[in-house]
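For this note's numbering, add 436 to where a residue sits in the sequence shown, where the first one is 1. Notes to accompany the following structure.
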Amino acid sequence: MKFIIYLLMAFALFSCSSENTYYLDAVNGDDSNSGHSPGSAWATLDQVNKLQLQAGTKILLANGSRFEGCIELKNVSGSIENPILISNYDQEGNDALPIIDARGKASGMLVENSTYITLSNLAITGDGGGVSTAEDPRQNMHCGVLVTTTEPGEYGHIHLDGLKIYDVFFEEKGFQRGTKEVRTPNGMQSYGWGIRVINRTAGASIKNVLLENCEVENVAHTGIKFTGSEKNIEDVKLLHNRVSHTGGPGMQMSGVKDVLVSHNQVQFSGSPNDSRKWGRGSGFWCWGSEDVLIEHNSFRKANGPGDSAGLHIDFNCKNVVVQYNLSEGNAGGFCEILGNNYNCSYRYNISINDGHRVKGENGAFQEGKIFWLSGFNGSNKKRKGPFNSYFYNNTIYVSKGIVAKIAVDRASSGVLIANNIFCFQGESKEVKGDQYKPETKGESRVEKIVFKNNLYINPTNWPDKVLIQDSDPVYGNPDYKNPGGLKAEDYIPQNLALVKDKGIEVEKIPGDTIGLTIGLQVTRDFFGNPVQGLPDMGAIEIN
């Protein structure tokens, strides 16, 4: 009797589950089918958009299928135990991800005013077909995935896993952008984007967003972009994603709080290889954000006539920590901290040949800089800060033939620079900060400086015209394992007597009651080796 009861319960559970699962197969499906099994799959996305989705609903797309259009999830909610899932299923051993072709649509996946949504193992593209409209601003852009709000409320618990976003453009092939477009702050025309999370709605919040194992390639503007207001996007994690050949930045965040960006690979941001692309962008940058930890990422080959650092901290941020990252070949530079930023840090990073851009060459309107503290905090505003910037235990290499350029704004207040290795094989010079409007001469307000115990190849590595100077420099050659190489391992110092245990303990800048909210002391180096005793010079501990 008990066996029969258990069997009936299992059958009821299976029936409920199958009724809540829908299959789509663009090759073998038919919209007149029930959609509840692979053998009775639907053929088009139109069927999905007619459903009343509930907690636990699963929409599964057949591998190897190509679907035209967009899936729209509006005002729907899953639960923590039963999220709404949009994913794939194996079809006759085909391991090619199902493709959503959103050409002419605002997005391939729209998640609006929704919560507990999981999107996984899908490919999304959308090359051209844009039609600008004044009625719906979203029609002025194309997105692979768009998560947004239009009504007050609490939304979130959005999980994107294993998505591949590629070839997303608003304009048709052959469209030519004017030469002035790349000089605008963020582009003024219509673009294609990879993944966007936007919350501009008063009274709305988006919390708990996880993007992992996603790939974004060849889009007209930014690969992954979060746009909030007054920190109304919180608890964001970007983990193990790959972003390449974006026309704008690789990753960008505005108005967010509590963020972890870890183990991502970003390369060729600001790519100009398609005339529809913006052609300018840092690997990562944040603005108006708070409590952001960026670690164990690589940022390579950022391009553009302005900005385009491996990673830069734009103005109005607090508690942004950049650590354990590899920055290589980025035109705009390595360290860039703008105005009205508080308690931000670059520590235990490796920089290789960053800041090679030369103002006036190939349309560049900013110098590339290996180190830049800028007081810029908005057009026509008095320069302010940055305040309490911590820069320590970084390993920096610049090859001969690249001029290492440094700029420190007169408004900077509170600066700690210690235990870094500045290995400039060629010339170095001081340059003016040039964020939109070049700085003019005037009285320096730089104060509260702790600048000591950094290693240089020779006394000319840090130009004597820079406003701040090392009070206790160390000179010598760290003898990198393979200087000029492109791997972090190439910059393991061989001159142990010069670097091992030669660092100093990092303490708070005078007058700073905060330091870094996650702590000034570290227990591991760039490679995860334990920091034992006094820290070594640079980002790598010799154990």
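Every residue gets a Cβ at the ideal spot worked out from N, C-alpha and C, and that includes glycine.
A distance below 7 Å between beta-carbons, with the five flanking residues on each side excluded, links Arg502 to the following residues of its chain, in chain order: Ala462, Ile535, Asp537. In this structure, Cys506 is the residue among Ser543, Cys506, Gly475 with its C-alpha nearest to the C-alpha of Lys486.
For Asp482, the enclosing alpha helix (DSSP H) starts and ends at 482 to 485. Taking a 10 Å sphere around the C-beta of Leu496, we find 16 or more other C-beta atoms and assign the residue as buried. Around Glu797, the same chain offers no residue with a beta carbon nearer than 8 Å, after the five sequence neighbours per side are excluded. In this structure, the beta-carbon distance from Thr658 to Thr682 falls below 8 Å.
The criterion of a C-beta distance shorter than 8 Å is not satisfied by Asn824 and Asp906. Closest option to Ser725, judged by alpha-carbon separation, among Trp478, Ser718, Asp750: Asp750. Short of 8 Å from the beta carbon of Pro966, and not among the five residues preceding or following it, lie these beta carbons of its own chain, in chain order: Thr959, Arg960, Glu977, Asn979. Selection Glu943, Val942, Asn918, Asn654 evaluated against Asn931 yields Asn918 as nearest (Cα-Cα). The beta carbon of Asp466 sits closer than 6 Å to the beta carbons of Ala479 from its chain, once the five residues preceding and following it are set aside; these are given in chain order. The three-state reading of DSSP puts Asn979 in coil, since its state is none of H, G, I, E or B. A Cβ-Cβ separation of about 6 Å places Trp808 in contact with Gly769 under the 8 Å criterion. Sequence-distant Cβ neighbours of Asn913 in its own chain, meaning closer than 7 Å and more than five residues away, are Ile893, Asn931.
The beta carbon of Tyr458 sits closer than 6 Å to those of Gly471, Ile495, all from its chain and outside the five residues before and after it, given in chain order. Rounded to the nearest angstrom, the Cβ distance from Gly811 to Gly821 is 6 Å, consistent with a contact under 8 Å. Here Phe962 has Tyr760, Tyr784, Ile786, Ala924, Ala975, Ile976 as same chain residues with Cβ atoms under 7 Å from its own Cβ, once five neighbours each way along the sequence are excluded. Runs of the beta strand (DSSP E) spanning 3 or more residues and lying entirely within the stretch 669 to 716 occur at 669 to 675, 678 to 682, 687 to 690, 692 to 698, 701 to 703, in chain order. The DSSP assignment places 482 to 485 as complete runs of the alpha helix (DSSP H) inside the stretch 464 to 503, in order along the chain (cut-off: 4 residues).
Its chain contains Val834, Ala840, Ile893, Asn897 as the residues whose beta carbon lies nearer than 7 Å to that of Phe860, once the 5 sequence neighbours on both sides are disregarded; these appear in chain order. Shown here for Ser523: same chain residues with a beta carbon closer than 8 Å to its own, the five before and five after excluded, namely Lys494, Ile495, Leu496, Leu497, Thr554, Leu555, Ser556, Asn557, Leu558 in chain order.
Between Asn752 and Asp694, the alpha-carbon positions lie close to 15 Å from each other. When the five nearest sequence neighbours on each side are left out, the beta carbons in the same chain lying within less than 7 Å of the beta carbon of Asn549 are those of Lys510, Asn511, Thr585, Thr586, Glu587, Gly589, Tyr591, in order along the chain. The beta carbon of Ser641 sits closer than 6 Å to those of Glu590, Asn668, all from its chain and outside the five residues before and after it, given in chain order. Note on geometry: alpha-carbon atoms of Asn813 and Trp723 lie some 10 Å from one another. Scanning the stretch 854 to 923 for uninterrupted beta strand (DSSP E) segments of 3 residues or longer gives 857 to 860, 864 to 866, 883 to 888, listed from N- to C-terminal end. Taking C-beta atoms as the reference points, Val618 and Gly715 count as a pair closer than 8 Å. Under the 10 Å beta carbon count, Asp900 is surrounded by fewer than 16 other beta carbons and is classified as exposed.
For Val839, there is no enclosing beta strand (DSSP E), as DSSP marks it with neither H nor E. For Ile786, the pairing in a beta bridge is given by DSSP as Leu762, Thr831.
Here Phe735 has Val702, Gly719, Gly746, Leu747, Ser763 as same chain residues with Cβ atoms under 6 Å from its own Cβ, once five neighbours each way along the sequence are excluded. The beta carbons of Cys650 and Leu599 sit closer together than 8 Å. In the DSSP secondary-structure assignment, Leu582 is bridged to Leu546, Arg632. By the neighbour-count criterion, in which a residue is buried when 16 or more other Cβ atoms sit within 10 angstroms of its Cβ, Asn856 is buried. Cβ neighbours of Ser781 within its own chain (closer than 6 Å, five residues either side excluded): Val757, Tyr826, Leu952.
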